[in-house]
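A quick write-up on the structure given underneath.
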Amino acid sequence: MEKLTAGSQMPDFTYETPFKKGKTLSEAVSRGLGNTAVIFLRYYGCTLCQYDIHQYLVKYEEIRKVKGQIMVVLQSDAHLLEEQLKSEELPFEIICDPAQKLYRQFGIKPAASKEDMLGPNTMKKIESAREEGFSHGEYEGEELQLPAVFVIDRDRRVIRAHYGRSVDDVPSPETLSDWLKEQGDF
Numbered sequence: 001m002e003k004l005t006a007g008s009q010m011p012d013f014t015y016e017t018p019f020k021k022g023k024t025l026s027e028a029v030s031r032g033l034g035n036t037a038v039i040f041l042r043y044y045g046c047t048l049c050q051y052d053i054h055q056y057l058v059k060y061e062e063i064r065k066v067k068g069q070i071m072v073v074l075q076s077d078a079h080l081l082e083e084q085l086k087s088e089e090l091p092f093e094i095i096c097d098p099a100q101k102l103y104r105q106f107g108i109k110p111a112a113s114k115e116d117m118l119g120p121n122t123m124k125k126i127e128s129a130r131e132e133g134f135s136h137g138e139y140e141g142e143e144l145q146l147p148a149v150f151v152i153d154r155d156r157r158v159i160r161a162h163y164g165r166s167v168d169d170v171p172s173p174e175t176l177s178d179w180l181k182e183q184g185d186f
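Using full-length UniProt numbering, you'd call the opening residue of the sequence shown number 1 and step up by one each time.
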């Protein structure tokens, strides 16, 4: 599929979390009071991904204040994550896509090389993650995978589509909160 753009509709899909199977995007967004951010990262063992998930967890109240919700998509196997996470640990769902079907469906491509996946702030962000105690775990999926974020409304209409240019190109919780407040111009 081609990349999603603002104004297009994100197709519905069925997904698995570490704790449940057979959930759908349409059901998840209908439970929210406002917009939903679907955040595509790499895999749970990735230091930067662990750090980003932790930042969203710590600042989740800011997301709730704007009536938003988030869902994080990882290339991780649900059974491996089930062993590492507890269902009550996160106020948002982790969607497991080890076969990377959703990444392909929404045109989220990997970088051409390790050098191409690094951005101007990647090493600084890795350093911050390590200072907070995060370290690399098991490798899964496509190591060169780039991130993406889609903010969608309750009808799955894309309000914002952000395809990361580097592995660290994901919005902070504060920026994400601002994006979740936006309304589509369609």
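Where is the CB? At the ideal position from N, CA and C, for every residue including glycine.
With respect to the 7 Å criterion, L4 and F150 are classified as neighbours on the basis of their beta carbons.
Sequence-distant partners of N121 (beyond 5 residues in either direction) whose C-beta falls short of 6 Å from its own C-beta, in its chain, are D168.
With contacts defined as CB atoms closer than 7 Å, Q100 and Q84 fail to qualify as a contacting pair.
Secondary structure at Y163: strand, using DSSP grouped into helix, strand and coil. Between the alpha carbons of G137 and P98 lies a gap of roughly 16 Å.
Membership of E93 in any alpha helix (DSSP H) is not indicated; the residue belongs instead to the beta strand (DSSP E) covering 93-96.
A straight-line Cα-Cα distance of about 7 Å links I63 and P173. Taking a contact as a CB-CB distance under 8 Å, the pair L102 and F13 counts as one, their CB atoms being some 6 Å apart. The shortest CA-to-CA distance from L80 to any of F19, S26, E127 is the one to F19. Looking at the DSSP output, A148 shares a beta bridge with F40, Y163.
Assigned with DSSP and collapsed to three states, T24 falls in strand. In the three-state scheme derived from DSSP, where H, G and I count as helix and E and B as strand, Y139 is classed as coil. In the assembly as shown, M123 is an exposed residue. Its beta-carbon has fewer than 16 other beta-carbons within 10 Å. With a threshold of 16 other beta carbon atoms within 10 Å, G45 meets it and is buried.
Under a 10 Å Cβ-count criterion, Q50 is classified as buried, with 16 or more other Cβ atoms of the shown protein chains found around its own Cβ.
Proximity to E127 across A111, I108, L48 peaks at L48, based on C-alpha coordinates. Its chain contains V151, R160 as the residues whose beta carbon lies nearer than 6 Å to that of W179, once the 5 sequence neighbours on both sides are disregarded; these appear in chain order. E93 is classed as buried because its beta carbon has at least 16 other beta carbons within 10 Å across all chains shown.
Between V29 and R130, the gap from beta carbon to beta carbon reaches 7 Å or more.
Following the DSSP letters along the chain, one finds M117 inside the alpha helix (DSSP H) bounded by residues 114-117.
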